[in-house]
Each structure stands twice: as C-alpha cells, then as structure tokens.
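Trainee:
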Amino acid sequence: MGNRLSKIYTRTGDDGSTGLGDGSRVGKDNPRVGAYGAVDELNSALGVVLACEVPEAVRDVLTRVQHELFNLGGELCIPGMALVHAAEIERLERELDGFNEDLPPLKDFILPGGGMAAAQCHLARTICRRAEREVVALSRTESVRAEAMRYLNRLSDLLFVIARVLARASAHGEVLWQHERVRR
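Written out as structure tokens, the structure reads:
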C-alpha cells in the first residue's frame, strides 16, 4: 500500500493548481481534473444511494462499482495508466441484462423519483452522464482510453435500470411522464 495521509492540508493547491498522480501539476480547472472530479462526485452519489434501503443484489453491485470508479478516477488522474478493462464493462452489461430481465418494457419516459433510493440513483445516473461528457471532452485534447468512456456509458444505463428496480421495490413505484399535459 502507498503512503498514508497523515496531514490532510498541504497548502500546495492554494495557487489554484493540483498534483496529478504522476507528480505533474496542473490547474484545478484542467479538463483532466474535471473528469476525475466528476467520477469522484459520482462515487459519492452512489454512497448516498447505498445509505438508503436497497436490495442486497443492488448493494453488492453498487459497492463493487464504487471500487471500480475509484480505479477509473486513478486512471484519469495518472496519464497513461490503465485500471479499467473490458471485463468490468462486460460485467456491467451482464448485470444490466439481469436487472432488466424482470422489468416491464418501457412505453413512457420515467421521471426521476419513485422513492428516496430510486431518486438518488437517478441523480447518480445524471452525474454519471456528466462524468462521461467530461471524459469525452478530455479525450478531445489528451489521450484517454476508450474503456473509460465505455465504462461510464454502460454504467449510466445500469443506473437507470437499477433506479427502475428500486422504484418498483418501494411503495412509490415508477413515476411516468404525463406527456398528454404538454399537448396543445
């Protein structure tokens, strides 16, 4: 295991810069920092979902995903590092298919809601989409492995399906968009 933090503040970022995992320093508004910051925010949002009552199968998947997101953040923080692989993406796909198997087909859009856990999972899904956009933006100027973008894309799909599962498991159920209201 690497160094443990014994002192939390270093004052090295007081000038608006931060250190990457390879020792180089960049501005805190650097696209790479934005990308791994959004992944960190997503990981925190999943922690909020896990603070809710969720089925054990969901808890197991999201806990593992938190570890994988920590790896993804590390990959984004250290240029040239490869910590997320095709196997994790394939596992997300299998889990997505498994959770989706028992859900009824969608005929309408679903609004974020359906109880606290489902609503928090929808919020995590939107943060995941933003993290994906940040990683794509970074890939326009610096090298980013395709697995990073694929992982986030698949994870957002999985979070949508898990939000549906959580809404249906709660007493609230899914909240369907009432599109008739907007017709004139």
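Heads up, the sequence shown is in numbering that gives the first Met the number 0, so the first residue is 0 and it goes up one at a time.
By construction, the Cβ of each residue, glycine as well, lies at the ideal position given by its N, Cα and C atoms.
What you are looking at is a predicted structure, and each value in this text was computed from that prediction instead of being measured.
#1: Answer yes or no: do Gly113 and Glu173 have a C-beta to C-beta separation smaller than 8 Å?
#2: Nearest to Asp101 by alpha carbon, out of Ala116, Ile161, Gly20, Leu122?
#3: How should His121 be labelled, buried or exposed, when 16 other C-beta atoms within 10 angstroms of its C-beta is the threshold for buried?
#4: Taking C-alpha atoms, which residue in His84, Asn29, Leu158 lies nearest to Glu67?
#5: So what does DSSP say about Leu91, is it helix, strand or coil?
#6: For Met0, is the classification buried or exposed, using 16 other Cβ atoms within 10 angstroms of its Cβ as the cut-off for buried?
#7: Enumerated in chain order, which unbroken segments of the alpha helix (DSSP H) with a length of 4 residues or greater are wholly contained in the segment 81-166?
#8: Is the distance from the Cβ of Ala56 to the Cβ of Ala117 below 8 Å?
Mentor: So, from the data block:
#1: Locating residue 113 in the sequence shown gives position 114, where the first residue counts as 1. Locating residue 173 in the sequence shown gives position 174, where the first residue counts as 1. Yes; because the gap between Cβ atoms is below 8 Å, this pair is in contact.
#2: If you number the sequence shown from 1, residue 101 lands on position 102. Residue Ile161 is the option with its Cα nearest to Asp101.
#3: As a working note, residue 121 is residue 122 in the sequence shown. When all chains shown are included, His121 counts as buried.
#4: The residue you call residue 67 lines up with position 68 of the sequence shown. Checked all of His84, Asn29, Leu158; the closest Cα to Glu67 is His84.
#5: Working through the sequence shown from its first residue, we reach residue 91 at position 92. Correct three-state label for Leu91: helix.
#6: Position 1 of the sequence shown, counted from the first residue, corresponds to residue 0. Low per-residue confidence applies at Met0: pLDDT is 48, beneath 50, and the placement is therefore not dependable, though the value from the model is reported in the following sentence. Met0 comes out exposed.
#7: 85-100, 115-138
#8: Taking the first residue of the sequence shown as 1, we reach residue 56 at position 57. Taking the first residue of the sequence shown as 1, we reach residue 117 at position 118. Going by C-beta atoms, Ala56 is not nearer than 8 Å to Ala117.
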